[in-house]
Structures are given as C-alpha cells and as structure tokens.
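First the structure, in the form of structure tokens, and then the observations on it.
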Amino acid sequence: MKNNKNYSSYRPLTPEKAVISLVREWFKNEKEGDMKARERAQLEIKKYLFETSDGSYTLQSDDLGDSRETMHTAYGAYSEAKEKFVNPACLGGKKKVAILDICSGLGINSAAALDYILDSKVNIKVDEIKIDMVEISIETIAASLLIPSPSESHLIIKKAIETFLIDNHYLEFSHEDKKIPEFLNIQIHCTDAREMVQDIPRGKYDAIFLDPFSPAKSPELYTLEFLSILSSLLKDDGLILTYTAAAPVRYALIACGLEVGEGPAMNRSGGTIASRDVNKISKPLSSHDERMIALSDAGIPYRDNKLTDSSNMILERRKKDRIHARGNFKMASTVKTPIYLAQSLEEERTKRRVLNHLADLNISDINSQKAKFLVCPQFSSCICNCKQGRSKGSSARVKEMERRLKLIIKSN
C-alpha cells in the first residue's frame, strides 16, 4: 500500500465522519484481540446505511461545502452498477477480462461485474479475470465488510478485501468463508488513483469503471490529465464508463481521442461511455449536448497538470478558465446560447440574451451564415454551403464545431 508525501494536503471526499470513526474503532478493538469487534461494528453501522430501492445499501458522504451525496443513487446501488457500468461494458464472450474499478467504494461495481462475467448465459468459460480496485479511503474499503451483500459475487469481493486488510495489519481475524476462484485475481489499491494509474502498463483494461463522487465534489478524478492516462490504459476496444454526463468530463474524454456517447439512463440522465472503437458507442450524445460541449464554456475541462492538486484548487482554476473563455473563444453557457443556433426562437427575452452573447463573438443572428456554419456538421445535409457531409460520431462533430468557432473568432 503506497502513500506519496506529495498528496499529504489533499483531502478526498469519504463517507461521513461517524462511519470513519466506527471503522477505526473496530480496527483498534480487533487489533487488541476482540473477536466480536466486527459483529458489533456490523450492528452499529446500520444506523448510517441507506437502503436503496433495489434492496442494496449505500453510505452518505462527509460534508465538504454545503451539501452531501450518497455513494450510489437512491434508485438502487446494485442496479446502477449493472445498468450504468457492467451491462454496457461489453464484457461477454471474452476468455480474459481486465477491469479497473476507480473509487471502488463498497465493492458493488466489481461484484456486479463478476456476476455478469460468471453468468454462463452471457459468457463462455473464462480463463482469467483481473480486477484492480482503487479506493483512497481504507475505512471505505473496510466498510464493505459491514454491509449486507447484494449478490453472491460480493462475498468474493469481501473475501479479497478482508485478506488485504489482514495482510496490511488492519484486521486480525478472518470471518469471510467464500473462496476466491483460482482464475480470479483481485488487487486492492488503497491510494490516490492519480498516483496509482501512472504505474500501470498501457493497453491493459477491457473496462474502466470511473465512479467517484460527482465532478463538483471530486473534480481531481475527472481532469483532462487524469482521463488522458485512463484512455491510454484501455485496450483497443476497451471502454471508460461513468455515471456522470457533465460537459467538462465529456469534453476531456473527446480531447483524449475517444469516441463518446450516452450511457444507459436510470431514473435520471444517462451516464457516459467512451472508447477508441467507434463501434462500441451505440448511442451518440444529443445535439444539444454536442453544441454545449463544443461551443460554450460549459465544456471547459478540469485541469491538474501535476496530478496532485486539491479539489478546491481544481475547481477554482476551472472557474477562472470559464470566465476567461466567455465572449473570447467560447459562448457563455448561462442561457445555453448554442442550442438556439439555426433554430427559430420566438421568446423575446431569451432571444435578446442569446443575441447579446452572440454579439460578443461578432455573430449577428441565430440564423446568420456564421451561426449555420457553426452547427452544420450536425445536419444530414449542408445548411451553410460548406458542402461537407455530416460528421460521423459525437466526438467528430464536437471537434469540428469547435474548429469552426476558432475560425470565426480568428476572422473577426
């Protein structure tokens, strides 16, 4: 287990303080020889568990700022793992599978992946499964041993976690009976994911599950620099999957050379899927999302050049970058100006605000030649006399619209 001194000032978002304290007390008692310490901790943690709609459990985050988040959607922790991460990951039919589970938390994503891979209905007999689970909080890792398991495979994950905790002298006693199959290699990494990924061979993974708290809470794991490393870790047909649909995250994935599309929606907006293989992306982004990412400051990515900055530093940097971009080389996102280009707009107040934003970039009207030129790559037939066909895939359309905006600004 590695810890780098350059990360000492970084405070990640973790479960609430009471849960952290509970786990630390359990560690202490078990190290002192108390064989019942885990049993008491399992009873004590119940008051902090949130039961989701599918019967699986999650925990609430600590308070950073003015709000909290749960580690999983209220609609179902295990269901979300299946629908947003595992099912679209295309893991069926492979003899060897390698998965990187970032912010593995309570182990639910990895367990859902195992359930899927080991299901004989969707898969041939696998020869080898490798799962790297990355979680910066040792208490979060340990909390997985205290919650009810949502599936049979979660018991395997628990056994791997228990072994890790005993080997690293956090726990003394083994209570998990499930055997880990010989073809399954689960490695637990308790460290900052930004550090861990720098030591991994390129082209290793079939799927990367990116499951931190939201970009607004944990931007350090959604930066252009971090996602660039993740993209290099994919096999040629590998995928990055995340529940977030945030514009800066999608822009960064596109900037890394990946094709980006919508992930499955589950009682809220769809997540994001990214791959170098265009054929792996079945559903493109919506035209509105493409425009906002390409043309507005909403798509300005999070940056972390040295991969060591705190969340607040990254958030503040992006805030300044967005202010600088507005009216200079991006449209302001406040009234979603890009979505009205080459459209009819009757509502006068909105139209005035949109036209004011366009005027900053010397674009006279939402149906001007410049406006049509910007969004023409989204249309099946040319609307601006550029005589270019519709760009294939959301990433290509975003890049082309951004390129055209730069041309307009340069010509002003």
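Just so we're aligned, residue 5 is where the sequence shown starts under our numbering, counting upward by one.
Every residue, glycine too, gets a C-beta built ideally from N, C-alpha and C.
Check: Segments assigned beta strand (DSSP E), at least 3 residues, entirely inside the region 230 to 275; Outcome: 238 to 246 and 263 to 266
Check: Proximity of V177 and E34 at Cβ, strictly below 8 angstroms; Outcome: It is Phe, not Val, that sits at residue 177 in the sequence shown. The answer is yes: Cβ separation under 8 angstroms.
Check: Residue closest to D203, alpha-carbon to alpha-carbon, out of A147, L234 and R254; Outcome: L234
Check: Enclosing alpha helix (DSSP H) for L118 [first to last residue]; Outcome: I112 to I121
Check: Whole-number beta carbon distance between M296 and P268, since they are thought to touch under 8 angstroms; Outcome: Contact doesn't hold; Cβ gap of about 21 angstroms is too wide.
Check: Contact under 8 angstroms by Cβ, F54 with L245; Outcome: no
Check: S169 burial status per 10 Å Cβ neighbour count (16 or more: buried); Outcome: The residue asked about is misnamed: residue 169 is Leu in this sequence, not Ser. The residue in question, L169, is buried, as its Cβ has 16 or more Cβ neighbours within 10 Å.
Check: Buried or exposed (CB count within 10 angstroms, at least 16 for buried), N8; Outcome: Note that N8 has pLDDT 42, beneath the 50 cutoff, so the model's placement of it is unreliable and no number is given.
Check: Minimum length 3: unbroken beta strand (DSSP E) runs contained in the region 154 to 201; Outcome: 188 to 193
Check: Cβ-Cβ separation, K163 to K182 (assumed contact under 8 angstroms), whole Å; Outcome: 5 angstroms
Check: Classification of L47 by the beta-carbon crowding that lies within 10 angstroms, buried from 16 upward; Outcome: exposed
Check: Separation of L257 from V264, as counted between CA atoms; Outcome: 7 angstroms
Check: E320 and R401 closer than 8 angstroms at C-beta; Outcome: no
Check: Cβ-Cβ distance between I49 and L110 below 8 angstroms; Outcome: no
Check: Cβ-based burial, S191 [other Cβ within 10 Å; buried from 16]; Outcome: At residue 191 the sequence reads Gln, which differs from the Ser that was named. Result: exposed.
Check: Proximity below 8 angstroms, CB of L349 to CB of K355; Outcome: yes
Check: Rounded C-alpha distance that separates P252 from I103; Outcome: 24 angstroms
Check: Nearest-angstrom Cβ-Cβ length linking S60 and A81, presumed shorter than 8 angstroms; Outcome: 4 angstroms
Check: Other residues of its chain near S12: CB distance less than 6 angstroms, five sequence neighbours each side excluded; Outcome: The pLDDT assigned to S12 is 40, lower than 50, so where the model puts this residue is not dependable, and the model offers no usable value.
Check: Cβ contact (3+ pairs, closer than 8 angstroms) linking the region 139 to 159 and the region 115 to 124; Outcome: yes
Check: Beta strand (DSSP E) segment containing Y417, residue limits; Outcome: This structure leaves residue 417 out entirely; the chain is present only between 5 and 416.
Check: Span separating the alpha-carbon of K374 from that of A363; Outcome: 12 angstroms
Check: Assigned exposure category for F171 - 16 Cβ within 10 Å defines buried; Outcome: For clarity, residue 171 is Asp in the given sequence; the question names Phe instead. Answer is exposed; the Cβ neighbour count stays below 16.
Check: Residue span of the alpha helix (DSSP H) that contains V27, given as start and end; Outcome: K21 to K35
Check: Closest by C-alpha distance to L243, when choosing among D325, S279 and S141; Outcome: S279
Check: Runs of beta strand (DSSP E) lying entirely within the region 266 to 334, each at least 3 residues, in chain order; Outcome: 276 to 279
Check: Cα-Cα separation between M317 and P305, rounded to whole angstroms; Outcome: 14 angstroms
Check: Separation of E43 from T167, as counted between CA atoms; Outcome: 17 angstroms
Check: Distance CB(P216)-CB(I142) smaller than 8 angstroms; Outcome: no
Check: Closest residue to T144 among K21, K100 and R198 (Cα-Cα distance); Outcome: K21
Check: DSSP three-state assignment for M137, whether helix, strand or coil; Outcome: strand
Check: Spatial distance of S337 from L122 (CA atoms); Outcome: 45 angstroms
Check: Buried versus exposed, by CB contacts within 10 Å (16 or more), G303; Outcome: buried
Check: Local conformation of T144 per DSSP, three classes; Outcome: helix
Check: Below-8 angstroms beta-carbon distance, K99 vs any chain B residue; Outcome: Judged by its chain identifiers, the structure shown contains no chain B, having just a single protein chain.
Check: L299 versus G331 - alpha carbon distance; Outcome: 11 angstroms
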